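Its first residue numbered 18, the sequence shown is counted upward by one per residue in my numbering.
Ideal placement from N, C-alpha and C gives every residue a C-beta, glycine not left out.
For clarity, every value in this text was computed on a predicted model and none was experimentally measured.
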Amino acid sequence: MEERFCPECGHVKEEWTLPFCHACYKQFRLEINQVKELLKKQPTLSVMDIARETGLSVRRLKQMLEFGSFQRPDY
Ligand SMILES: [Zn+2]
């Protein structure tokens with residue numbers, strides 16, 4: 018039952034299979050697309066580089082890696 022709450026905003030998740038509630042997941046998807054676009058252009062970027070380029074936090078990028086949203090060869 019510990020998976021019931023969205024780790025981002027703390028609200029109850031509508032969909033237990035998603036990592037976040039719908040609102041946070043939508044934002045998460047947008048950020049993932051941003052990262053994917055960047056990696057398409059510059060596939061050798063490290064997580065730190067991605068964080069700097071996108072303005073996203075390293076914590077956020079690690080969340081994405083954790084959920085398998087994008088792949089880094091060095092991870
Ligand atoms: Zn949320």
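Glu48 classed as buried or exposed, judged by whether at least 16 other C-beta atoms fall within 10 angstroms: buried
Report back the beta-carbon spacing between Ala68 and Leu78 to the nearest angstrom; my notes put them in contact at under 8 Å. Yes, they are in contact, since the Cβ atoms of Ala68 and Leu78 sit about 6 Å apart, within 8 Å.
Cβ-based burial, Gln108 [other Cβ within 10 Å; buried from 16]: It is not possible to answer for residue 108, since the shown part of the chain is limited to 18 through 92.
Between which two residues does the alpha helix (DSSP H) containing Glu70 stretch? Val64 to Thr71
Compute every distance between the C-beta of Phe37 and the non-hydrogen atoms of ligand 1, then say whether any falls below 7 Å. yes
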